[in-house]
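These notes are about the structure you will find just below.
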RNA sequence: GUGGGCUUAGCUCAGUUGGUUAGAGUGCCAGGUUGUGGCCCUGGAGGUCGUGGGUUCGAUUCCCAUAGCUCACCCCA
């Protein structure tokens, strides 16, 4: 039986790697400009971190985690997202004693055991940002502006920003009571999922897509209209801050985010090209998370951006990503003397940062030329006994087909100081 | 967890109303030029026709099961 990549994983092949490298490097430089530093966290953590951090009631923890016991009997889980690990690191490394706010970004893989479909994989890539220590809405605005400008830099259009506030524990518990009072008379008619949500997180009942439930959801009080004074003014501050920067947004009271740790601000960027996996990026504030994970009470906010979905969106919007550069020069050699010389030559050229290759398969001149053509070399040098004897090589421009003799003594110096393309 | 579609060469796909050695295009390798790529011509390698079972004289083709891929629901990046 042929061994295949596990379901939901895929190879990123050399033919497409330049796209990944491009978005990663643009993202990294972009974040640095906002004062964020990269953090690298483990692929796996103790299972408990995600149970506490992401939340026991979430789909992620309930059914999507890659969890196993290691040989020491510890329960280990492949990270289903990045925030929990970053928070753990923040606490473990005492970052709360560094200059606030702490501003971090990351470029990671994440793992969720789900059925795959377009834009959804079991191993997927996320760019993320987390900021700790800032209470006010200014940091919310900065975080969102990172994304807004990032999409602009990449040349994306029509990517909609939706924002919402889901309140703090105080106004949420008051609101939960209100919601429960609203749902309680009809509780018996709700689906099983909703019945269990009723106690744990009644907020999520509103999201239920079940037709039977929808009838009783209609007219339910909205959290956005029931925020406490602090949360209300925070949300107002966020909107004013976005307006101040000219960032367009819509208010979507239905955004809840599937992770339990969110408080106050939640937001997402969605593709307007439809598609069921339209959420390219999601994020929000998590003021209780650091404390929940055992650290000092510290406000935080961040986002995660799906790299697969970002690339899909770039593709569907026709945004071109520059092809990798063509190789500089191929040394085609005939005969042992010439081949030995060619080996020396490419070695020297490589030492001078010139992209040079020569034959490794004892192939005919014709086959070597074919290779140079297929790989897109700008130039070749043909070397045989005659050339070695005369101290010259035949330099060929592969695009035009023009050939001319070049001195072998000076060839390295010439290529060292100027790109082969300019020869 | 639930439902639909698909599965023949590295890739994209034909095909067989069940019948000797299963095809094309493309890609790869080589030759046509014993010192020259692209175009063209010729040849070669490459397939247990997803896997297992059944029906049949005979199955890639019909039936059943199963796996994988894919799309969608839920949820999410």
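Numbering (the numbering used here), first residue to last: 942 to 1364.
Think of the CB as a built atom: it goes at the ideal place given N, C-alpha and C, for glycine as much as any other residue.
Paired residues, beta bridge with residue i - DSSP
i	result
residue 1223	1209 and 1245
residue 1341	Beta-bridge pairing links residue 1341 to no other residue.
residue 1274	1324
residue 987	1017
residue 950	Residue 950 is not bridged to any residue.
residue 1346	1335
residue 1045	978 and 1071
residue 1191	1103
residue 1066	1050
Backbone CA spacing between residue i and residue j [nearest angstrom]
i	j	result
residue 1127	residue 1157	7 Å
residue 1063	residue 1209	21 Å
residue 946	residue 1017	22 Å
residue 1219	residue 1058	12 Å
residue 1076	residue 1269	53 Å
residue 1107	residue 1293	58 Å
residue 1052	residue 1191	30 Å
residue 964	residue 1212	17 Å
residue 1315	residue 1101	42 Å
residue 1280	residue 1303	9 Å
residue 1008	residue 1065	17 Å
residue 1239	residue 1301	59 Å
residue 1091	residue 1338	39 Å
residue 1130	residue 1055	29 Å
residue 1183	residue 1086	8 Å
residue 1031	residue 1000	25 Å
residue 1123	residue 1161	7 Å
residue 1350	residue 1296	19 Å
residue 1181	residue 1173	12 Å
residue 1037	residue 980	15 Å
residue 951	residue 1194	35 Å
residue 1326	residue 944	48 Å
residue 1203	residue 1227	5 Å
residue 1084	residue 956	33 Å
residue 1040	residue 974	18 Å
Within 8 Å, strictly: CB atoms of residue i and residue j
i	j	result
residue 1088	residue 1071	no
residue 1271	residue 1321	yes
residue 991	residue 1006	yes
residue 982	residue 1023	yes
residue 1196	residue 1207	yes
residue 1042	residue 1073	yes
residue 1201	residue 998	yes
residue 960	residue 1147	no
residue 1306	residue 1286	no
residue 1224	residue 1231	no
residue 1120	residue 1095	no
residue 1060	residue 1249	yes
residue 1112	residue 1167	yes
residue 1081	residue 968	no
residue 1319	residue 1273	no
residue 1278	residue 1329	yes
Residue i - DSSP class collapsed to helix/strand/coil
i	result
residue 1283	helix
residue 1037	helix
residue 1054	coil
residue 1309	helix
residue 956	coil
residue 1024	helix
residue 1080	helix
residue 1107	coil
residue 1101	strand
residue 1318	coil
residue 1181	helix
residue 1298	strand
residue 1124	helix
residue 1010	strand
residue 1061	strand
residue 1362	Low confidence applies to residue 1362: its pLDDT is 48, below 50, so where it sits in the model is not reliable, and the reading given next is rough at best. Helix.
Cβ-Cβ separation, residue j to residue i (assumed contact under 8 Å), whole Å
i	j	result
residue 1258	residue 1098	6 Å
residue 1345	residue 1336	6 Å
residue 1079	residue 1245	The pair is not a contact, with the Cβ atoms about 21 Å apart (cut-off 8 Å).
residue 1352	residue 1334	7 Å
residue 987	residue 1015	7 Å
residue 1236	residue 1069	About 19 Å separates the two Cβ atoms, so there is no contact after all.
residue 1234	residue 994	6 Å
residue 1324	residue 1283	6 Å
residue 1153	residue 1169	No, residue 1153 and residue 1169 are not in contact; Cβ-Cβ is about 33 Å, not under 8 Å.
residue 1205	residue 1175	5 Å
residue 1165	residue 1105	7 Å
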